[in-house]
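First the structure, in the form of structure tokens, and then the observations on it.
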Amino acid sequence: ELALGYQAGGNELTGWITVENIDTYTFYDLNLETGMPIWATLKAYDIAGNFSDWLVSADSVIADTLAPIGYAVWDGPADSLSGDLFYSNQTDSVHFRWEYFTDDLSGISHYEARLRLQDGTHLTDWQSIIDTNHAAFGGLSLQNDDYIIGQVKAVDLAGNLSQVYESNGFRTVSYTHLAL
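My numbering numbers the first residue of the sequence shown as 64 and each following residue consecutively.
Printed below as a string of structure tokens:
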């Protein structure tokens, strides 16, 4: 028999479940409390129906059902000292960066970033970003007066996704010369 509980030998989450000759078991529809340790416990029966007087419990895991939280997204390259962009003459590449994303339980695994226009049209698909807090997109064909918005979301080690956070956007200016 197999059970999940909040302590070694406990069965509060699932009760005892009879399993036969298996190496793995998947539990479904669990109502886990975030931050609580979860223990898997196994007890064995012999052919005569006598169960062992010992229980085998795995090391506990911590339930993480909370998404990461973010705060700030800015337009411009990672090394920008000028703060947030409002205009750019770059029509083939876009950079944006973010800070203050947190996940107190499992930690942040990676980020996903993409670009969109002000009207909601997506310019890129989600791009996985690991070990950094900025995204760079190249090979673009932006037009004069496009309004570009960077979007980012965090993924924690338990697979929880944050909401999508956005930069305030910037406008492209691509005139090659001005007539006076």
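Beta carbons: idealized from backbone N, C-alpha and C, even for Gly.
Since we're looking at a predicted model, the values are computed, not measured.
Quiz item: Once you ignore the five residues that flank Ala103 on each side, which residues in its own chain have a CB closer than 8 Å to its CB?
Solution: Leu65, Ala66, Leu67, Ser120 and Ala121
Quiz item: When you compare each of Gly112, Ala130 and Trp79 to Leu105 by their alpha carbons, which one comes out closest?
Solution: Trp79
Self-check item: Pair within 7 Å by beta-carbon distance, Val227 and Tyr174
Solution: no
Quiz item: Out of Thr128, Asn231 and Ala107, which has the shortest C-alpha to C-alpha gap to Gln181?
Solution: Asn231
Quiz item: From Tyr150 to Trp137, what does the alpha carbon distance come to, in whole angstroms?
Solution: 13 Å
Quiz item: In chain order, which continuous runs of the beta strand (DSSP E) of length 3 or greater are located wholly inside the region 152 to 194?
Solution: 157 to 162, 171 to 180 and 190 to 192
Practice problem: For Ser225, count neighbouring C-beta atoms within 10 Å of its own C-beta (all shown protein chains included) and say buried if the count is 16 or more, exposed if not. | Solution: buried
Practice problem: Could you round the C-beta distance between Asp208 and Thr187 to whole angstroms and report it? I think they count as a contact, below 8 Å. | Solution: Not quite, the Cβ-Cβ distance comes to about 19 Å (not below 8 Å), so this is no contact.
Quiz item: What number of angstroms, rounded off, separates the C-alpha of Gln190 from the C-alpha of Asp219?
Solution: 16 Å
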